[in-house]
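Below is one structure, written out as structure tokens; comments come after it.
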Amino acid sequence: AQAQEEDQYAALDGHADIIVSTDAVLVEESEACPQVRAQGYLSAARVRTNDPRLSGRLEAVSNYVQPLSGQHGGLVRSGRARLSNDDGSWLAEFRGFSQPGTSIYVGSHYSIALTGVGEYAGLSAMMHWVPTGFGTWDLKGILIPGPLPAFPEAHLPGP
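In my numbering, the protein residues as written are 35 to 193.
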């Protein structure tokens, strides 16, 4: 069983193309700190990796906060997604950002934690997505047997 588990570790390299996206619903526009908080941004992407288990159609919903300004002032986004193919699916949670002064199409970084369901139950993956242009992303990651490590219960003691 140990050898079989080790065989399930896999380095991931791939690419994603956004195939559809919708506008988010404006939740709050603050005058005190000029920013937009929005929710319900829907998107779908075609994901292709070197491991067919982590290739397929990704459908996501996310919320974000973004400053109101004439230039791109940065963006922080959190969301949930499902990556599906003919053999199984993955449930995912992600967080990402783009730095002020960069385009969201080339200056964003997203970390995505995936948990296998159905045929992929008992597997997990972590991926990092970086855009390469309008609606295109390069990704790298790792596929592992078992769950991802849990976050610690407590923070480190401090002043």
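Glycine included, every Cβ here is placed at the ideal spot set by N, Cα and C.
Cβ neighbours of residue i in the same chain (closer than 6 Å, five flanking residues each side left out)
i	result
Gly54	Sequence check: residue 54 is Val here, not Gly. Here the set comprises Ala78.
Where residue i falls: helix, strand or coil (DSSP)
i	result
Leu21	Any property of residue 21 remains undetermined from this structure, which presents the chain solely from 35 to 193.
Pro86	helix
Tyr144	strand
Gly218	No information on residue 218 is available, as it lies outside the stretch 35 to 193 that the chain covers here.
Pro68	coil
Arg121	Looking at the sequence itself, residue 121 is Asp, so the reference to Arg does not match. Coil.
Pro193	coil
Residues that DSSP places opposite residue i in a beta bridge
i	result
Glu187	Bridge partners of Glu187: none, in fact.
Ala94	Ser77, Ala115
Gln100	Val70
Separation of residue j from residue i, as counted between CA atoms
i	j	result
Leu46	Ser132	23 Å
Phe185	Asp51	31 Å
Ala155	Gly180	9 Å
Phe128	Ser145	6 Å
Gly113	Gly192	30 Å
Same chain, Cβ closer than 7 Å to residue i, neighbours up to 5 away in sequence not counted
i	result
Asp85	Ala44, Leu46, Leu177
Gln172	Note that residue 172 corresponds to Asp in the displayed sequence, not to Gln. Contacts found: His49, Val164, Thr166.
Exposure of residue i, with buried meaning 16 or more beta-carbon neighbours within 10 Å
i	result
Glu39	Per-residue confidence for Glu39 stands at a pLDDT of 43, beneath the threshold of 50, marking its modelled position as unreliable; no derived number is given.
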